[in-house]
Each structure stands twice: as structure tokens, then as C-alpha cells.
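Below is one structure, written out as C-alpha cells, with a few remarks after it.
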Amino acid sequence: MKPVVLVLCLVALAAQPAGAQALDDRVRAVASRLMCPVCEGRTVAESTSQLAAQMRALIRERLARGEAEEEVVQYFVDRYGPSVLAAPPPRGSGLALWALPVLLVAAGAAYVLVRLCGPGGPEEDAA
Amino acid sequence: MSELGQLATVLGAVCCAYAAGAQAWAARTQDPRWRESGFRALVACAACLGLACAVLVYALLQHDFRIEYVARNASLATPWWYRVSALWGAQAGSLLFWSWLLATVGAAAVAGQRRAHPELCTVASAVLALLVGFFVVLVAAVERPFRVLAFAPADGRGLNPLLEDPGMVVHPPLLYLGFVGLAVPYAFAMAALVTRKVDGGWLGATRGWATGSWLALGAGLVVGGWWAYRTLGWGGYWGWDPVENAALVPWLLATAYLHSAVVQERRGAFVTWNLALVVLSFVAAMLGTFLTRTGLVVSVHTFAQSEIGPYFLAFVVAVLAGSLGLLAWRWDDLRTGPASVSVASREGAFLFNNVLFVGFAAAVLVGTLYPTVVQALEGVQLFVGPPYYLAVSAPLGLALLVLMGLATALPWGRASHATILRLRLPLFAALAAAVAAGVLLRRPGVVAAAAAVAFALASTLQAFAEAAASGARAGRGLLGGLRDAFRWRRRRYAGYLVHLGVLVMVVGIVGSHAYVREREVALRPGERFTVGPYEVTYRGLEHGGTPLAEVTRAVLELREGGGSAVLRPVRLYYPRRDQVVSRPAIRSTLRDDVYAVLSAFEGDRATVRVWVNPLVRWVWAGGLVAFFGGLLLLWPDRRAPKLPSPPLRPSRDGHPARRAQAAREVVRALGGSTREGSRP
């Protein structure tokens, strides 16, 4: 049991970001959640456009000022509308998007389990 | 020239119609002469389409700019190999090429099986002829690659410069081969349903084609990522773009099918499910083609768009409805006895594998279609991009890795005490990896991935070690044991080799996603900055030109510790197409890639963007290993000798503890990453 506890402690420790690279990583994290408005299909983190570069600079400035990641994202949503988000939040129009994969996999796994362990399954007609 | 091409295309369509008709008649009358005649028509169709392709390639090579397709996609300065690859560089040509591939692959598949399965082949060639026919009619009537311009320009516009890359010469044919290859199992599955021969003959007859198209799709995906990485200049290799997703979904479904097909062969279970999976993967391939070729979903690299949308949609709907209708109609024939499959067995694990792979495919498909559907229903514009796909694929990928480790250790039939013993080493490896990753890397996601990879890796290596150990016990040596495993259990061990490749890829994928360092700076010559462990000094710009483009290079000096290197990212301007292309410069090692892009320049000032992408090489290396594993899977079967039976079954011979001990010794001898297991 001891190693398991040790692992859990380490995992908890690991959740904290480490030092100097933290701001870079946070800029990247926010930029990855936003779409570049002028180029189709690239996030702000990936895009090579001028606008995306300015948006990255703005993200850095606001995070350095002490704003939370959510606040920075919300700032861009207020300016460009919800289509600036790289993925819709799991509510409203975006609910089905996030719910469907979970439901499908859960339903599939449940069906397989019921078929294999339920009545008529191998437990009864085992050779 | 163009008349010959158009004539060949039309003749191809006529041959298709005749082939379908003759085979339908043959299926009704069981007359072998009609069967033979229909088969020859399919071959003739492939020949006609081959001629049409050859004509277009000849026109491209000869700079025949009267033909619109040539004028748009080639120029005097385009090198000959890119003029050949221009055949699949845009819509009309790629559709022609695709029809020819489909006809050729179909004719070859039927030719290989028509002695063994004449009745299946009759219906299958009718189905294939109808599929080819649809595409040929599109080519001949709508796309018309041989359309002639009123005035021939002196020079053509040239290929899209992004496509002038060795990766783009190989990538589309591989994907097309994968897509059309899936048509073979589909056609035979339909034939099995129509002729009520659902016993599995169709499955054995098309196993090679299914494996081959799965391999081609997978290779196409990796080569596509490699091309994107080296060409597009955004620092990554996979953007979850609709075009990429369109190829990923059929691959995921084909992977599920390859696993469940094994269960049908060994245990006679999953009959209906396999038929459904084959239909789904083929429809997914068609849907993917439809989505990306018609501009319905927005994509950065929709290189080819056109007016074929409505036809294609009708086609996909017809294929899906027809196939599922046939499946429902034959439902009573598909009733088999209760499949006695235990949860804790390899076939049980394969069932869960199918749930996860199909769920994965469904999630990717949902994400790809969601914006279009929401736009249509609610008029809301939204985007589904990397955050969604990463959130979905990370847990599914981890679950698949765990399942990979479990399935390798689980026996067919039912798990026993020996199974639990076989899981000790993988579990210990997972624990060790989790502790090590927890101390060193300190990220929950990475720790979980490390544990899952270690678990699957130890389990797979243990399988190889057991094979080697049994060879040693039989007096054939460790290597002899491995050789025996690949000779007599070739498909299983080739599969494990694919698994090893995938594991190496996963290490690369996790590393390059979790630990990217990136900097973008505007610099004067002589100025420097640091990114990750590297110091980058900007030395200035170099200007040059090619016949097609104005070229500007930034000279970047890279230093780390004692070593140094020079990177020259390029910005090209193509005046004829008015297109700017940034080509990255990459310095690649096993540890990380330094990836530099020249974003902009003014005078001698330059804006450069430099990424440090860890472990990217592992992605390509793992892809290569998996590819060779896939080739081994395709290698023709060799009959297993009756005696001596290679002692690979864990529960049959030897004391389990002694076997485990031997296995551990072998793992150590092979330099595997496992450690001495804890004493029970």
C-alpha cells in the first residue's frame, strides 16, 4: 500500500507549476484555447498571422498583470464573440458535443459488460 | 490528347455499367460465362482509367497548357516529379486517380479470390463496379480533368507550393490506397449478406486487403503529419483539422475491425458486429472524402473544392442506408449461438478495444460535424478545435494503452491464476514509472501516461521474452525462440511489434505536447534570446530567388553548452500565385527538435519564432517500427508445423514461477526497461 500512497502524494505535488517557465506555459495554455480570428482552423498558439502574434502579446501582458486565465479568455470572448473559443464550453450549444462521446463510450462499455456477465452470458453456458 | 483522355474515362464508365449488369445477371443465373465476362469488364475499366491517368500525366509532363488542369497545376519551372504528383494535387485529377485505384484494387481483389469464392466474387465485383462507376461518372461529367481552355497560356500557374514536398508525393496516394482498400472488405461483406454466406469466408478472403488498407491509411496519416510539421510552419504535426480527422476516423474503425476480425476467426464470435464495422469504416472513408472535397467543413488545407457536394452526399447516404438495410434484412441469418466470451479473456479485451476505438472515432466525427450542425440548427457559429480533441483523446488513449497491456497478458478463453502472475511485471513497471515520473516530471497527465505506457510496454516485452525463453528451453536459443514466434505465431507477434511502435509514438506525442517551449521575438542582427536550454543569436538575412519564388532566409545561430548549429528558416514569396510560404528550419535530435520560423522581416530586422519540441523524433521512429510490424502482418502465411508445438501457452508447461523467472532473465538480457519483480 505504501508505494500507492507515495505515488498519490507525488501526483498531488506535481499539480503545481514549476517556477520560471510558468508564465510562458500559461500564455501557451490560454492561446491554445482561442482561435485565430483571421485564419481558418488555427489556434492563436499555432497561427503565424500578425493578429495572432498581437493576441499572444496581449495574453502575456494581462497574465503578467495578475489576471486569471479564465479572465483573459473571457476578455477575448467579449471582444470577438464565442466563436473565438477553440472549443465551446460544455453548456448551451456546446453541451451535446461534450456529452455525446462520454455517453457513447459509457453505453458501449455497459452493453458489453451486460452481454458478457449478464444472463445468457458465458457464466451460464461455460463449457 | 484531351479527347483521348475523355474517351478513356467514358469507356471506363461504360465498362463499369456492363460489369455491374453482367455480374447481376450471373448472380441470378449462376452462369460462369457471364461471371467471367463481367470480371473482364472490371479489368477493362481499370485499364481504361489507367490510360486516362497516363494521358493526364503525359500532358502534365509535356506542359500541355491547353488542358485547364495542367495550366492550373503545373508550370514550366515545376520539376518533373511534382508534375507527376500534380495528378493528385487538385480535385479533378485526384478523383480520376482515385477511380483508377479503386478499379485496380477491386479487380485485383476479385482476381485473387474468384476461384475460391466464385459466388462471393460475383456480387462483390458488381458492388465494386457500381462504386467505381459513381466516381467515373463524377469525373467524366462533373469534374472533367481534360477540359480544354479556349486560349492556351504560355506558362501554367504551377502546383500549390505547399504541395511541392516529398511528403506530398507519397501522402495522398497512401491515403487513397487506404480508402479504396476499405472498399474490398466492404464489397465482400455485402456479397456475403446478399448470398447468405456469412460464415466468415468473406472475412478470410479480404483479411489481407483490410490489413493493407489499414497500414496504408496509418502510414498516410504519419507521412501527412511529417509533411505538415516540415512544411506548414506552425510548430506541430497534428492540428485536429477536419481533413486530418476525415482520415483518422476510418483508420480508427479499421483498427477496431482488425482486432475483432481475429476473434471471429478464432472463436466464431462477433459476426454481425464485424459486418457492421466494415460498413462503418467504408462509409467513414467515403464521408471523409465527401467532407474534405466539398468544402462543407472549413479546413486550412482544403486544396480542392468543387460542385460535387450534392452528388457525393446522396452517394454516402445511399451506401449507408443500403448497407444497413441489407444487414437488417439478413438479420435472421446472422443469429449465431450465444457467444461464450468471458470478460477476463483476450476476446473480452478485444470487445472493450472495439468500444474504445469506435467511441474514439465517434468522438472525432462528432467534433468534426458539430460546427456544421449547430450552424444549421441554431445559426450559432462556433469552433471545435484542439482543446476538445485533446480532452477526448487523452483518456481514451490511456484506456487503450492499459487495455493493450491487459490483452497481451490475457489468454484466449478464460483468465487463470497464471494470468495474474503474468500481470505482476507490467503492474510493477507501471508503478515504478509512475513514481519516477512523479518525482521527475511532476504533471498528473504525464504521470498517468508514463504509467500506462510502462504497463503496456512491460506486458509486450514480456510476451517477446516468453517466446525467447521458450526457445531457450527447447534448446534453440533466445533468438531462435523469437524467430519461431515470428514464424509460427507471425500475426500475433507482428501485432506486438506494431504495439511497440505505437508505444514509442505515444512517448513522442506526450513529450511533444506536454513540454513545448516557444518564443517569438523581433530582432536586429547580433541580438540574442533564449528558449528552453538554447541560446539563439540572429545573424542577419540572406536574399535569393528561384524561378518561381523570392526567397528570404534568416540566419540563426543556435548554442547549447558547448555545441552550436546554424538554422536558416525561409520565407518564400510566389508572385505568380501571390502566396507567401514560411518554411521552418528544424534541428532534430532524439531529445528534442529546435523548430525555427521566420514570421516577418523589415529591412534587416526579423521576427522569428522558435519552438523546442521534445521527443518529436520518437513519433517518426515509432511510426517506422509500427509500419514494419504492419508489413510483417501482411507477409503471406506459413503453415505451422504439427510437431513440435512451440511451447508458448503459459498454463500448459513448466512451473509458473520458473517461467516468470526465465522471462525476467530474458527481459534483462534484452535490455528491457523492466526491473526485478517484487516477491509475492
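If you're matching them up, the sequences are chains Z and P in order. At position 42 of the first sequence the residue is numbered 70 (the numbering used here), and the sequence of numbers has no breaks. At position 231 of the second sequence the residue is numbered 246 (the numbering used here), and the sequence of numbers has no breaks. Where a beta carbon is used, it is the ideal one built from N, C-alpha and C, also for glycine.
Query raised in the report: For I601 (chain P), does the three-state DSSP call read helix, strand or coil?
Result: When secondary structure is reduced to three states using DSSP, I601 (chain P) falls in the strand class.
**Report entry** Length of the line joining the Cα atoms of L587 (chain P) and V566 (chain P)
**Finding:** Inter-residue distance for L587 (chain P) and V566 (chain P) is about 5 angstroms (C-alpha atoms, whole angstroms).
Query raised in the report: How about T622 (chain P): is its C-beta nearer than 9 angstroms to some C-beta of chain Z?
Result: It does: the Cβ of T622 (chain P) has a partner Cβ on chain Z nearer than 9 angstroms.
Query - Assigned exposure category for T383 (chain P) - 16 Cβ within 10 Å defines buried - result: Answer is buried; the Cβ neighbour count reaches 16.
Report task. Check the Cβ of P401 (chain P) against every Cβ in chain Z and list those closer than 7 angstroms, keeping chain order. Result -> From the beta-carbon of P401 (chain P), the residues of chain Z found nearer than 7 angstroms are S60, T71 and A114.
Query raised in the report: For the stretch 254 to 265 of chain P, which residues have a beta carbon sitting closer than 8 angstroms to at least one beta carbon of chain Z?
Result: Along the stretch 254 to 265 of chain P, the positions whose C-beta sits under 8 angstroms from a C-beta of chain Z are G254, D256 and P257, read in chain order.
**Report entry** Under the three-state DSSP convention, the category M63 (chain Z) falls into
**Finding:** The DSSP-derived three-state label of M63 (chain Z) is strand.
Query - Under 7 angstroms from the C-beta of M63 (chain Z): neighbouring residues of chain P - result: Ordered by position in chain P, the residues that pass the 7 angstroms Cβ test against M63 (chain Z) are F398 and G400.
Query raised in the report: What residue range is occupied by the uninterrupted beta strand (DSSP E) comprising L76 (chain P)?
Result: Counting along the chain, L76 (chain P) falls outside any beta strand (DSSP E), though it belongs to the alpha helix (DSSP H) covering P47 to L76.
Query raised in the report: Can you name, in chain order, every residue of its own chain whose Cβ lies under 6 angstroms from the Cβ of R606 (chain P), other than the five neighbours on each side?
Result: The answer is none, since no qualifying residue turns up.
Query raised in the report: How big is the Cα-Cα spacing for G645 (chain P) and H514 (chain P)?
Result: So the alpha carbons of these two residues sit roughly 10 angstroms apart.
Requested in this report: Show which residues of chain Z have a CB atom less than 7 angstroms away from the CB atom of G374 (chain P).
Outcome: By Cβ distance, chain Z contributes P129, L132, V133 and G136.
Query raised in the report: Can you round the beta-carbon distance between Y191 (chain P) and W266 (chain P) to whole angstroms, since I take them to be within the 8 angstroms contact cut?
Result: No, Y191 (chain P) and W266 (chain P) are not in contact; Cβ-Cβ is about 13 angstroms, not under 8 angstroms.
Query raised in the report: For D106 (chain Z), which residues in chain P fall below 8 angstroms Cβ to Cβ?
Result: Within chain P, no residue comes near D106 (chain Z); the closest Cβ sits about 16 angstroms away, beyond 8 angstroms.
Query raised in the report: Given a threshold of 16 other Cβ atoms within 10 Å of its Cβ, counted over all protein chains shown, does V142 (chain Z) qualify as buried or as exposed?
Result: Under this definition V142 (chain Z) is an exposed residue.
Report task. Indicate whether at least one CB of chain Z lies closer than 9 angstroms to the CB of V389 (chain P). Result -> Yes, because at least one Cβ of chain Z sits closer than 9 angstroms to the Cβ of V389 (chain P).
Requested in this report: Kindly list the residues whose CB is nearer than 6 angstroms to the CB of R674 (chain P), restricted to its own chain and excluding five residues on each side of it in sequence; keep chain order.
Outcome: Because R674 (chain P) sits at a pLDDT of 48, beneath the cut-off of 50, its placement in the model cannot be relied upon, and the point is left open.
Report task. Return the chain-ordered ranges of every alpha helix (DSSP H) run that is complete within the stretch 144 to 231 of chain P and spans a minimum of 4 residues. Result -> Qualifying alpha helix (DSSP H) stretches, in chain order: 181 to 210.
Query raised in the report: For A123 (chain P), which of P:G36, P:A56 and P:E572 has the nearest alpha-carbon?
Result: Across the set P:G36, P:A56 and P:E572, the C-alpha of P:A56 shows the shortest separation from the C-alpha of A123 (chain P).
Query raised in the report: Which residues in chain P sit within 8 angstroms of A81 (chain Z), going by Cβ to Cβ distance?
Result: Neighbours of A81 (chain Z) across chain P, judged by C-beta separation under 8 angstroms: E535, S614 and T622.
Query raised in the report: Looking at the C-beta of W229 (chain P), does it have a partner C-beta in chain Z at a distance below 9 angstroms?
Result: For W229 (chain P), the answer is no, since every Cβ of chain Z falls outside 9 angstroms of its Cβ.
**Report entry** A59 (chain P) versus W49 (chain P) - alpha carbon distance
**Finding:** Each residue's Cα considered, the two are about 15 angstroms apart.
Query raised in the report: Just by C-beta distance, which residues in the stretch 236 to 252 of chain P are closer than 9 angstroms to chain Z?
Result: Under the 9 angstroms Cβ criterion, the stretch 236 to 252 of chain P contributes L247, G248, W249, G250 and G251.
Query raised in the report: Under 9 angstroms between C-beta atoms, does V140 (chain Z) make it to chain P?
Result: Yes, contact with chain P.
Query raised in the report: If we count the other Cβ atoms within 10 Å of its Cβ and call it buried at 16 or more, is F166 (chain P) buried or exposed?
Result: Residue burial annotation: F166 (chain P) is exposed, with fewer than 16 other C-beta atoms found within 10 angstroms of its C-beta.
Query - Identity of the residues DSSP links to S579 (chain P) by a beta bridge - result: S579 (chain P) is bridged by DSSP to P:R574.
Query raised in the report: So which residues of chain Z does E393 (chain P) contact, with C-beta pairs closer than 7 angstroms?
Result: Near E393 (chain P) (Cβ distances below 7 angstroms), the residues of chain Z are S121.
Query raised in the report: What residues of chain Z sit near L102 (chain P), judged by a beta carbon separation below 8 angstroms?
Result: Near L102 (chain P) there are no residues of chain Z at all, since even the closest Cβ is about 26 angstroms away, more than 8 angstroms.
Query - C-beta contact flag for W633 (chain P) and G523 (chain P) at 9 angstroms - result: Cβ distance < 9 angstroms, so W633 (chain P) and G523 (chain P) count as in contact.
Report task. Taking Y385 (chain P) and L131 (chain Z) to be in contact with their CB atoms under 8 angstroms, please state how far apart those CB atoms are, rounded to whole angstroms. Result -> The beta-carbon distance between Y385 (chain P) and L131 (chain Z), rounded to whole angstroms, is 14 angstroms. This is too long to meet the 8 angstroms contact definition.
**Report entry** Counted within 10 angstroms of its Cβ, other Cβ atoms place H432 (chain P) as buried (16 or more) or exposed
**Finding:** It is exposed - the Cβ of H432 (chain P) has fewer than 16 other Cβ atoms within 10 Å.
Report task. Compare the C-beta of G109 (chain Z) with all C-beta atoms of chain P and state if any pair is closer than 9 angstroms. Result -> At a cut-off of 9 angstroms between C-beta atoms, G109 (chain Z) counts as an interface residue with respect to chain P.
Query raised in the report: Does the Cβ-Cβ distance between L91 (chain Z) and V100 (chain Z) come in under 9 angstroms?
Result: Cβ distance < 9 angstroms, so L91 (chain Z) and V100 (chain Z) count as in contact.
Query - C-alpha gap between T24 (chain P) and M16 (chain P), whole angstroms - result: Spanning the two alpha carbons is a distance of roughly 13 angstroms.
Requested in this report: Quick one: list the residues of chain P neighbouring E99 (chain Z), beta-carbon separation under 7 angstroms, in chain order.
Outcome: Under the 7 angstroms cutoff, chain P gives no residues; its nearest Cβ is about 17 angstroms from E99 (chain Z).
Query raised in the report: Which runs of the alpha helix (DSSP H) fall wholly inside the stretch 321 to 406 of chain P and span at least 4 residues, in chain order?
Result: Listed in chain order, the complete alpha helix (DSSP H) runs (minimum 4 residues) inside the stretch 321 to 406 of chain P are 324 to 344 and 361 to 393.
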